[in-house]
Amino acid sequence: MSGRLDQRLAALREAADLAAGRLDDRDVERARAVVARAGARLGLGLESTVVALAGPTGVGKSQLFNVLTGTELAAVGRRRPTTAAGQAAIWGEGGDALLDWLEIGRRHRVRDDGLRGLVLLDLPDFDSIEASHRLEAERVVGLADLVLWVVEPQKYADASLHDRYLRPLATHAETMAVVLNQADLLVEGDVEAWRKDMERLLEGDGLPKLPLVVVSARNGEGIPELRGLLAQRVAARDAPLAKLAADLEQAAEPLAASCEGSARGVRSEDARRLEDALEEAAGVPTVVRAVGDAHRRRGALATGWPLVRWIRRFRPDPLRRLRLQDSPERRTPTSSPPPTDVQRAQVASAARRLADGAADGLAQPWQRLVREAAVAADDRVAERLDRAVASADLRVSRPRWWRVAGWIQGALALALAAGAVWLAALALLGWLRIEDVVPLPEVAAIPIPTWLLLGGAVAGLLLSFLARLVNGAGANRRARRAARSLREQVDAVAQELVIVPVDRELDVRERLCSALAAARKG
Numbered sequence: 001m002s003g004r005l006d007q008r009l010a011a012l013r014e015a016a017d018l019a020a021g022r023l024d025d026r027d028v029e030r031a032r033a034v035v036a037r038a039g040a041r042l043g044l045g046l047e048s049t050v051v052a053l054a055g056p057t058g059v060g061k062s063q064l065f066n067v068l069t070g071t072e073l074a075a076v077g078r079r080r081p082t083t084a085a086g087q088a089a090i091w092g093e094g095g096d097a098l099l100d101w102l103e104i105g106r107r108h109r110v111r112d113d114g115l116r117g118l119v120l121l122d123l124p125d126f127d128s129i130e131a132s133h134r135l136e137a138e139r140v141v142g143l144a145d146l147v148l149w150v151v152e153p154q155k156y157a158d159a160s161l162h163d164r165y166l167r168p169l170a171t172h173a174e175t176m177a178v179v180l181n182q183a184d185l186l187v188e189g190d191v192e193a194w195r196k197d198m199e200r201l202l203e204g205d206g207l208p209k210l211p212l213v214v215v216s217a218r219n220g221e222g223i224p225e226l227r228g229l230l231a232q233r234v235a236a237r238d239a240p241l242a243k244l245a246a247d248l249e250q251a252a253e254p255l256a257a258s259c260e261g262s263a264r265g266v267r268s269e270d271a272r273r274l275e276d277a278l279e280e281a282a283g284v285p286t287v288v289r290a291v292g293d294a295h296r297r298r299g300a301l302a303t304g305w306p307l308v309r310w311i312r313r314f315r316p317d318p319l320r321r322l323r324l325q326d327s328p329e330r331r332t333p334t335s336s337p338p339p340t341d342v343q344r345a346q347v348a349s350a351a352r353r354l355a356d357g358a359a360d361g362l363a364q365p366w367q368r369l370v371r372e373a374a375v376a377a378d379d380r381v382a383e384r385l386d387r388a389v390a391s392a393d394l395r396v397s398r399p400r401w402w403r404v405a406g407w408i409q410g411a412l413a414l415a416l417a418a419g420a421v422w423l424a425a426l427a428l429l430g431w432l433r434i435e436d437v438v439p440l441p442e443v444a445a446i447p448i449p450t451w452l453l454l455g456g457a458v459a460g461l462l463l464s465f466l467a468r469l470v471n472g473a474g475a476n477r478r479a480r481r482a483a484r485s486l487r488e489q490v491d492a493v494a495q496e497l498v499i500v501p502v503d504r505e506l507d508v509r510e511r512l513c514s515a516l517a518a519a520r521k522g
């Protein structure tokens with residue numbers, strides 16, 4: 001059973017580590033304290049069982065302590081409080097290390113009379129007028145393996161006992177018992193009524209099966225029954241494990257309250273909405289247009305009619321204007337305008353909507369934690385989107401046919417220039433009236449220089465027109481490829497800054513709840 005408890009404690013430790021910074025700090029620290037306390041208690045062994053006599057002032061705890069030990073170790077008197085500090089009686093040889101851990105200095109060894117392994121503690125009153133006495137009683141009650149709540153006919157229904165101790169410790173039913181002392185002050189019929197009324201109160205406290213022993217420390221009535229209960233629990237050596245298991249359950253309960261409901265996870269439509277908002281904020285449409293315009297401009301410079309294409313050089317390259325490189329470059333910032341306030345708001349709204357959808361149905365604080373994870377990197381969005389655009393492969397390489405078309409355009413331009421020079425020379429000779437000196441070859445009754453001039457111009461313009469059509473189709477194709485690459489980069493930003501943190505937070509919750517389920521599974 002100890003091995004099983006070790007596994008449950010390890011699960012609670014894992015749950016506390018996962019809950020740190022997420023769930024209530026007091027609940028987390030309480031869980032860690034239980035794990036630490038359980039480790040210390042298990043390390044001291046299970047050979048001894050610590051039983052504490054606890055109760056309010058004047059119920060006869062010290063007298064009962066003396067009766068059980070067969071000694072006069074505890075002072076008994078009318079002056080209150082009688083017990084100022086806890087003391088211990090030890091049956092058997094062990095127990096010293098355990099009492100050192102409990103910080104109980106006064107200790108005595110008594111004759112072994114069938115209770116070997118019992119360490120009995122007499123505690124100060126939990127309602128003492130001395131604050132230090134109350135704190136000491138509460139401290140040891142939290143550490144003892146078994147607590148005997150001692151009451152008497154006048155104080156058995158006291159609200160401080162039921163409201164502050166019994167009801168909050170309803171999960172510790174296996175680690176407690178109630179001793180109704182001073183039965184000698186009542187007649188026989190009243191004793192039974194007293195017992196039944198206490199049973200009624202215990203049922204209201206959530207402890208309907210709590211062991212109840214009626215005794216009189218003064219005349220010994222019920223003491224054998226009480227000793228039998230102690231002997232049974234000491235011999236079983238299960239009280240320490242039951243106490244630690246109850247502490248574990250009590251510590252895990254408030255943490256487990258956050259595990260109600262189940263997560264829906266990130267919905268595809270919410271992820272797409274976020275990616276669309278990021279693409280708009282990154283200026284993807286602007287970059288895509290720039291890719292197409294840059295291809296057309298560069299194609300016109302490479303394949304256009306030489307007589308007019310130089311005009312395009314006065315227009316800036318759309319990609320250069322955005323400081324975008326032909327090849328991906330992560331370290332070079334672009335000149336794209338940063339996201340506007342409206343675009344930032346749209347991204348934040350899409351991130352929150354994604355988080356709300358993913359955490360829909362979960363108990364708090366997970367809905368808040370998931371939303372915080374989704375918007376935690378808001379201040380990094382602009383810089384990360386700029387890097388994403390710079391990292392995209394825009395596919396703006398020069399097609400090989402541009403060079404061939406450029407050579408042909410050059411040849412046609414030379415032909416046009418040759419024809420123009422030739423015709424100009426002929427015009428000059430005609431003006432000098434010596435045109436007959438130079439022969440004028442013809443083809444199909446048209447002079448060759450005319451063929452060169454008109455042919456070079458018409459063919460150049462036709463080639464330029466065809467190249468423009470091909471370049472337009474190429475620009476559209478490259479724009480689509482660039483859009484895919486840009487969307488991949490922007491989608492990676494959505495994953496990195498929003499979706500992965502949301503999934504990570506949901507995974508933490510899943511692991512936390514699994515650990516708590518393992519911790520609570522007895």
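With the numbering used here, letter number 245 in the sequence shown gets 245, and the count goes up by one each step, no holes. All residues carry an ideal CB built from backbone N, CA and C; glycine is no exception. Predicted model, so just to flag it, every value in this text is computed and none were measured.
Residue i burial status per 10 Å Cβ neighbour count (16 or more: buried)
{"i": "R78", "result": "For R78, the predicted model reports a pLDDT of 48, less than 50, meaning its position is unreliable; a value from the coordinates is still stated below. Looking at its Cβ environment, which holds fewer than 16 other Cβ atoms inside 10 Å, R78 is exposed."}
{"i": "E93", "result": "exposed"}
{"i": "Q232", "result": "exposed"}
{"i": "H108", "result": "exposed"}
{"i": "G299", "result": "buried"}
{"i": "S62", "result": "buried"}
{"i": "L248", "result": "buried"}
{"i": "T303", "result": "buried"}
{"i": "G456", "result": "buried"}
{"i": "V50", "result": "buried"}
{"i": "A355", "result": "buried"}
{"i": "G95", "result": "buried"}
Extent of the continuous alpha helix (DSSP H) to which residue i belongs
{"i": "W101", "result": "D96 to L102"}
{"i": "S464", "result": "I448 to A494"}
{"i": "C513", "result": "V500 to R520"}
{"i": "P254", "result": "A239 to A256"}
{"i": "L385", "result": "V381 to S391"}
{"i": "K209", "result": "Taken as a continuous stretch (DSSP letters only), K209 belongs to no alpha helix (DSSP H), as it is neither H nor E."}
{"i": "E525", "result": "The question about residue 525 has no answer here: the residues shown for the chain are numbered 1 through 522."}
{"i": "D25", "result": "D25 to G43"}
{"i": "P224", "result": "I223 to A236"}
{"i": "H133", "result": "A131 to V141"}
Identified DSSP bridge partners for residue i
{"i": "R107", "result": "A88"}
{"i": "W149", "result": "A54 and V178"}
{"i": "T49", "result": "L118"}
Closer than 8 Å to chain B by CB, residue i
{"i": "Q250", "result": "Among the protein chains of the structure shown there is no chain B, as only one such chain exists."}
Reduced DSSP secondary structure (H/G/I, E/B, other) of residue i
{"i": "L301", "result": "helix"}
{"i": "D17", "result": "helix"}
{"i": "V443", "result": "strand"}
{"i": "K61", "result": "helix"}
{"i": "G410", "result": "helix"}
{"i": "L428", "result": "helix"}
{"i": "R79", "result": "Model confidence at R79 stands at a pLDDT of 48, short of 50, so the residue's coordinates are unreliable; what they give is reported in the following sentence. Reduced to three states, the DSSP call for R79 is coil."}
{"i": "D523", "result": "For residue 523 there is no data in the structure shown, the boundaries of the chain being 1 and 522."}
{"i": "N66", "result": "helix"}
{"i": "P338", "result": "coil"}
{"i": "P285", "result": "helix"}
{"i": "G361", "result": "coil"}
{"i": "D6", "result": "helix"}
{"i": "V187", "result": "coil"}
{"i": "D158", "result": "coil"}
{"i": "A170", "result": "helix"}
{"i": "G403", "result": "Correcting the residue type first, residue 403 is Arg in the shown sequence and not Gly. In this structure, R403 counts as helix in the three-state DSSP scheme."}
The beta strand (DSSP E) enclosing residue i, as first and last residue numbers
{"i": "V375", "result": "It is not in any beta strand (DSSP E) - V375 instead sits in the alpha helix (DSSP H) that spans W366 to V375."}
{"i": "V214", "result": "L212 to V214"}
beta-carbon residue i near the ligand MG non-hydrogen atom, thresh 7 Å
{"i": "V67", "result": "The ligand MG is not part of the structure shown, which contains no ligands of any sort."}
I'd like to know if the segment 181-191 and the segment 217-233 are in contact, where contact means that at least 3 CB-CB pairs between them fall below 8 Å.
Yes, since at least three Cβ pairs between the segment 181-191 and the segment 217-233 fall closer than 8 Å, the two stretches touch.
Is it true that the segment 414-430 meets the segment 377-391, where meeting means three or more beta-carbon pairs spaced less than 8 Å apart?
With contact defined as three or more Cβ pairs closer than 8 Å, the segment 414-430 and the segment 377-391 are not in contact.
Does the count of Cβ pairs from the segment 97-104 and the segment 58-65 closer than 8 Å reach three?
The answer is no - the segment 58-65 does not touch the segment 97-104, with fewer than three Cβ pairs under 8 Å.
Using 8 Å as the Cβ pair cut-off and three pairs as the minimum, do the segment 365-379 and the segment 461-478 touch?
No: the two stretches stay apart, fewer than three of their Cβ pairs being nearer than 8 Å.
Segment contact, 8 Å Cβ cut-off, at least three pairs: the segment 200-210 with the segment 260-278
These segments do not touch.
contact_flag[the segment 30-44, the segment 10-22] where n(CB pairs < 8 Å) is 3 or more:
Yes, the segment 30-44 is in contact with the segment 10-22.
Evaluate the contact criterion for the segment 108-119 versus the segment 128-136: three or more CB pairs, one atom per stretch, below 8 Å.
No, the segment 108-119 does not touch the segment 128-136.
Using 8 Å as the threshold, is the segment 204-213 in touch with the segment 150-169, meaning 3 or more CB pairs across them?
Proximity of the segment 204-213 to the segment 150-169 meets the contact definition, three or more beta-carbon pairs being nearer than 8 Å.
Do the segment 239-246 and the segment 479-498 make contact, defined as three or more Cβ pairs closer than 8 Å?
Touching, no, given that fewer than three Cβ pairs across the two stretches are closer than 8 Å.
Stretch pair the segment 498-511 + the segment 369-377: three plus CB contacts closer than 8 Å:
Yes, the segment 498-511 touches the segment 369-377.
Spell out a yes or no on whether the segment 246-261 and the segment 510-519 are touching, meaning 3 or more CB-CB pairs, one atom from each, closer than 8 Å.
Short answer: they touch.
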